[in-house]
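Student:
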Amino acid sequence: MKFPFERIVFGLVWNRLVDPKSKLATNDWLQAQAYFPEATGLDVQHFYRALDLLEEHNEEVQVRLLRGLQASLPDEDWKTVGTDTTSTYYESSVNDEDRAEIQALWDAHDRAAGEVKEPHWPRPQVVNDPPLRMQGFSKDSRPRAPQVKIGVLTNPSGFVMYHQVAAGNETDGEIALDLMEDYRDALSQTVQVWIGDAGMGTTTVLDELDNQDGLDRVSAKSLRGEFARKRVLGIPGRYRKHPSREGWS
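Residue numbers (the numbering used here): 55 to 303.
1. What did DSSP end up calling residue 168 once you bin it into helix, strand or coil?
2. For residue 254, name the three-state secondary structure that DSSP assigns.
3. Spatial neighbours of residue 108 within its chain, please: CB distance less than 6 Å, with the 5 preceding and 5 following residues excluded, ordered by chain position.
4. Here's the rule I'm using: 16 or more other beta-carbon atoms within 10 Å means buried, otherwise exposed. How should residue 200 be labelled?
5. Please determine if the region 187-203 and the region 157-167 are in contact, where contact requires at least 3 C-beta pairs separated by less than 8 Å.
6. Can you grab the Cα-Cα spacing for the pair residue 202 / residue 156, in whole Å?
7. Which residue comes first and which comes last in the beta strand (DSSP E) that contains residue 127?
8. Which same chain residues end up closer than 7 Å to residue 260 when comparing Cβ atoms and leaving out the 5 residues on each side of it in sequence?
9. Return the CA-CA distance between residue 122 and residue 241, expressed in angstroms with no decimal places.
10. If you check the beta carbons only, do residue 230 and residue 250 fall under 9 Å apart?
11. Where do the N-terminal and C-terminal ends of the beta strand (DSSP E) with residue 203 fall, by residue?
12. How many Å lie between residue 113 and residue 225 at the Cα?
13. Determine whether the beta carbon atoms of residue 183 and residue 154 lie at a separation below 9 Å.
14. Could you spell out the range, first to last residue, of the alpha helix (DSSP H) harbouring residue 80?
15. Are the Cβ atoms of residue 227 and residue 187 separated by less than 9 Å?
16. Under three-state DSSP, which class holds residue 68?
17. How big is the Cα-Cα spacing for residue 84 and residue 103?
18. Is residue 100 helix, strand or coil when you go by DSSP?
Written out as structure tokens, the structure reads:
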């Protein structure tokens, strides 16, 4: 089956920026509301197929994007990276480990339908192995909902240079280390400065980063330490008290 892969991905991103909808609704939006002549004849299956193709070649796409950025961005943009994470939750009460158990029940029923009752739960459409949709620290205040985490590396100008989708129960520190390893492998050049927040700046993460040749690291955790108080905030300068948070400046 042939379909305009690049145009579909462009249309999905465009919709996400302007008027976020489901894949089915995005197809309708592109054909009926947006000016997007390329949407003529498209069906929602093409959107699912495009995303499957994008996921299948995710690493290759990211490396090619990095190569393109290397040709256009100045050298200074490659010496410092910032790391951050966010999460997105699913309107569901079962995670991927639960789905695997439910699938096992359905498999048993399929093998011996006369002896094993049909499971109460619907048959899972997708069972991720290893588990991806898992409960974890929820930034959406929905601790019972399965989620995934999205980690990004940015340059000083704010460009997203690299990203990773991780299991919802992975820690920010684990994601930060995985991002740095994959990014440096893809880039084939040394990062000089890493910046992360306090959630990533655990002792384990900082020790691991300290073992990487030629890399300095800064975290929000270290900025609240004795060194920052004496050697940075203790120096006369343009520091002002935070208007509402005591102890912050």
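Glycine is no exception: its CB is placed at the ideal position from the N, C-alpha and C atoms. Treat the numbers as computed from the prediction; the structure is a model and nothing was measured.
Tutor: Quick look at the numbers:
1. Taking the first residue of the sequence shown as position 1, residue 168 is located at position 114. Note: residue 168 maps to coil in three-state DSSP.
2. Residue 254 sits at position 200 when you count from the first residue of the sequence shown. In this structure, residue 254 counts as coil in the three-state DSSP scheme.
3. In the sequence shown, counting from the first residue as 1, residue 108 sits at position 54. Here the set comprises nothing.
4. For this step, residue 200 is matched to residue 146 along the sequence shown. Residue 200 should be labelled buried.
5. Three or more Cβ pairs closer than 8 Å define a contact, and the region 187-203 falls short of that threshold against the region 157-167.
6. Numbered from 1 along the sequence shown, position 148 holds the residue referred to as residue 202. Numbered from 1 along the sequence shown, position 102 holds the residue referred to as residue 156. Residue 202 and residue 156 have their C-alpha atoms some 20 Å from each other.
7. In the sequence shown, residue 127 corresponds to position 73, counting from 1. Unbroken run through residue 127: none, as it is neither H nor E.
8. By 1-based counting over the sequence shown, the position of residue 260 is 206. 271 and 273.
9. Sequence index remark: in the sequence shown, residue 122 carries index 68 (1-based). Sequence index remark: in the sequence shown, residue 241 carries index 187 (1-based). Distance between the alpha carbons of residue 122 and residue 241: 11 Å.
10. As a working note, residue 230 is residue 176 in the sequence shown. As a working note, residue 250 is residue 196 in the sequence shown. Yes, these two residues count as a Cβ contact at 9 Å.
11. Stepping through the sequence shown from its first residue, residue 203 is reached at position 149. Here the beta strand (DSSP E) through residue 203 covers 201-208.
12. Translated into the one-based positions of the sequence shown, residue 113 becomes position 59. Translated into the one-based positions of the sequence shown, residue 225 becomes position 171. One C-alpha to the other measures close to 22 Å.
13. The sequence position of residue 183 within the sequence shown is 129, counting from 1. The sequence position of residue 154 within the sequence shown is 100, counting from 1. It is a contact, given that the beta carbons lie within the stated cut-off.
14. To locate residue 80, count along the sequence shown from 1; it is residue 26. Counting along the chain, the alpha helix (DSSP H) containing residue 80 begins and ends at 77-86.
15. Here residue 227 refers to the residue found at position 173 when the sequence shown is read from its first residue. Here residue 187 refers to the residue found at position 133 when the sequence shown is read from its first residue. In this structure, residue 187 does not lie closer than 9 Å to residue 227 by Cβ.
16. One-based indexing of the sequence shown puts residue 68 at position 14. Correct three-state label for residue 68: helix.
17. Walking along the sequence shown from the start, residue 84 turns up at place 30. Walking along the sequence shown from the start, residue 103 turns up at place 49. When rounded, the distance between both Cα atoms is 17 Å.
18. Position 46 of the sequence shown, counted from the start, is the residue given in the question as residue 100. Per DSSP, reduced to three states, the secondary structure at residue 100 is helical.
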